[in-house]
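Novice: Handing you this structure, nothing more for now.
2 protein chains.
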Amino acid sequence: MERKRSDIIADEIEGLIFDGTLADGERLDEVQLASRFDVSRTPIREALQRLAQSGLVEQLPRRGVFVRQPGPVELIEMFEVMAELEAVCARLAATRISDAALQKLHDTNALCDAAVEANDANGYFRENERFHALLYRQSGNSFLEQECFRLHRRLQPFRRLQLQLRGRLRQSMSEHKAIVAALENGDGETAANVMRAHIAVQGEKFHHLMASLKPAAE
Amino acid sequence: MERKRSDIIADEIEGLIFDGTLADGERLDEVQLASRFDVSRTPIREALQRLAQSGLVEQLPRRGVFVRQPGPVELIEMFEVMAELEAVCARLAATRISDAALQKLHDTNALCDAAVEANDANGYFRENERFHALLYRQSGNSFLEQECFRLHRRLQPFRRLQLQLRGRLRQSMSEHKAIVAALENGDGETAANVMRAHIAVQGEKFHHLMASLKPAAE
DNA sequence: GTCAATATTTTTGTATACAAGACAAACAAT
DNA sequence: ATTGTTTGTCTTGTATACAAAAATATTGAC
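Order-wise, the sequence lines are chains Y and B. Going by my numbering, the letters in the first sequence line up with residues 830 to 1047, in that order. Going by my numbering, the letters in the second sequence line up with residues 830 to 1047, in that order.
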């Protein structure tokens, strides 16, 4: 299923935005990007329009496209929606999950645990992703699964940041276990509530982190 | 905020898909569309890519784009997600809604009621839209509001169809009232549950409607 | 020196030209 | 007859050319 160049370029530009090469508010010059990627303006424009639709850049007609990092308020809102979506996944999964999937969640949690003990942040991050992906799938609603992935992907850079906070890993682990326990009991409401709090706290932590970095933001 | 031609064309093509001019599975020929809209292929391609991202058409690289109407399973999934999103709006709104907004909900419901009495389906549809839009807004989360609008828009053609079912209007009205009542009591859980059922039933009704139209689909 | 009006340059949006992959038809070989 | 190859056409993807709007620079008046 060969991808076209404009799609690849879109991902590359996304990377440049995430790693800070292209800063917030910066204008993305089409000819500049064209020469950087050694293509014409056409695939660049297509890539930019894709990014504009996914919300990563803002396109002002006849003026250009600009990097648009979400501000603190929008970020909190996005985390709130993520929390609610994952809570829905958890609630639905409680009645729909298979035994095999439950086992996989246990396995993933075990690996996660090991990563925490080894202080292996990368390993934790990987297994954590897997845990959530499994839950999206077990919602039994593939449209919901897609939507969750979309938002998850969008929040990924911020999520990763806050994981570095002290003590967060262990707390997160115990939340994972509580979620699995609730799923085993078929208790959708509890699973949803724990999951909601599990994600929401990330938004809050992130908010505090940001506040501490930019002290005089008022 | 002048829109560009490709955006306008995207909406037009969307309309052609909704009203059935472009049938499910049909290939959208770029040059054909170009001559139809009397522009070059460039804005057509941009429009098609936008539609591909919003899920209305599928783009197979090097092969073309095809109309992709959601099948019954995907539709049910989408309605389920819509139900959950609106339930979240209701629950959040229960603690965040303003008195002024509550009054507006009452007003809208009154107009809705009048439309039901007058058997004015269009009027009902309009006020119903307004009711839901108000709730999205009162979730106090503008990102959530946007997401709701996105999905709502996507489901609109199907939603409208099932509204024609006998007795649905009155039932829908009483659900609206129950939601407002729960919001007035600040009872988020009840508001969420009623709202979830309110939307979910649309998906089910639609499903039955489809099943009755295509009898031998098994 | 400041401001306004105009000219110049940039940059976006659109049209057209070109390249290359996908599809179809004709033909050859077994 | 069926399979495989080849050639030809069609369609998509990309490059380039052009038009129009916005940004910028320049000139002139006060």
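Cβ coordinates follow ideal geometry from the N, Cα and C atoms, glycine included.
1) Using only CA atoms, which one of Y/944, Y/982, Y/859 and Y/1006 lies nearest to residue 891 of chain Y?
2) Just the chain B side, please: which residues come within less than 8 Å of residue 882 of chain Y by C-beta, in chain order?
3) In the DSSP output, what is residue 888 of chain Y paired with across the bridge?
4) Output needed for residue 866 of chain B: all residues of its chain with C-beta closer than 6 Å, excluding positions within five of it in sequence on either side, in chain order.
5) Where does residue 924 of chain B land, buried or exposed, given buried means 16+ other C-beta within 10 angstroms?
6) Run down chain B in chain order and give the residues with a C-beta less than 7 Å from the C-beta of residue 971 of chain Y.
7) Helix, strand or coil for residue 995 of chain Y per DSSP?
8) Which partner residues does residue 857 of chain Y have in the DSSP bridge list?
9) On the three-pair Cβ rule with 8 Å, is the region 909-924 of chain Y touching the region 1018-1026 of chain Y?
10) What are the uninterrupted segments assigned as alpha helix (DSSP H) that are 4 or more residues long and contained completely in the region 925-998 of chain B, given in chain order?
11) Please state the DSSP three-state secondary structure of residue 910 of chain B.
12) With a cut-off of 8 Å, does the C-beta of residue 915 of chain Y fall near any C-beta of chain B?
13) Tell me the residue span of the alpha helix (DSSP H) that contains residue 872 of chain Y.
14) List the residues of chain Y whose Cβ lies closer than 8 Å to the Cβ of residue 832 of chain B, in chain order.
15) What is the DSSP secondary structure of residue 1014 of chain Y, reduced to helix, strand or coil?
16) Check whether chain B comes within 8 Å of residue 1044 of chain Y, counting only Cβ atoms and requiring the distance to be less than that.
17) Is the beta carbon of residue 930 of chain B less than 8 Å from the beta carbon of residue 973 of chain B?
18) Taking beta-carbon pairs under 7 Å, can you tell me which members of the region 976-997 of chain Y lie near chain B?
19) Just to confirm the assignment, what range does the alpha helix (DSSP H) spanning residue 852 of chain B have?
20) Report the residue from Y/912, Y/946, Y/861 and Y/1006 whose alpha carbon sits nearest the alpha carbon of residue 1032 of chain Y.
21) What do you get for residue 916 of chain Y, buried or exposed, if any count of 16 or more other CB atoms within 10 angstroms of its CB means buried?
22) Helix, strand or coil for residue 832 of chain Y per DSSP?
23) Taking three-plus beta-carbon pairs below 8 Å as touching, is the region 840-853 of chain B in contact with the region 941-949 of chain Y?
24) Please report the distance separating the alpha-carbon of residue 1046 of chain B from that of residue 900 of chain B.
25) Thinking residue 907 of chain B and residue 994 of chain B are a contact (beta carbons under 8 Å), I'd like their distance in whole angstroms, please.
26) Return yes when the Cβ of residue 834 of chain B is within less than 8 Å of the Cβ of residue 882 of chain Y, no when it is not.
Specialist: Straight from the coordinates:
1) Y/859
2) 879, 882 and 883
3) Y/894
4) 838
5) exposed
6) 906
7) coil
8) Y/894
9) yes
10) 928-946, 950-967 and 971-991
11) helix
12) no
13) 870-883
14) 890
15) coil
16) The predicted position of residue 1044 of chain Y is uncertain, since its pLDDT is 45 and thus under 50; no value can be drawn from it.
17) no
18) 976
19) Premise fails: residue 852 of chain B is in no alpha helix (DSSP H) and is neither H nor E.
20) Y/912
21) buried
22) coil
23) no
24) Residue placement at residue 1046 of chain B is poorly supported in this model, since its pLDDT is 37, which falls under 50; the coordinates are not used for a value here.
25) Their Cβ separation, rounded to whole angstroms, is 19 Å, which puts residue 907 of chain B and residue 994 of chain B out of contact at 8 Å.
26) no
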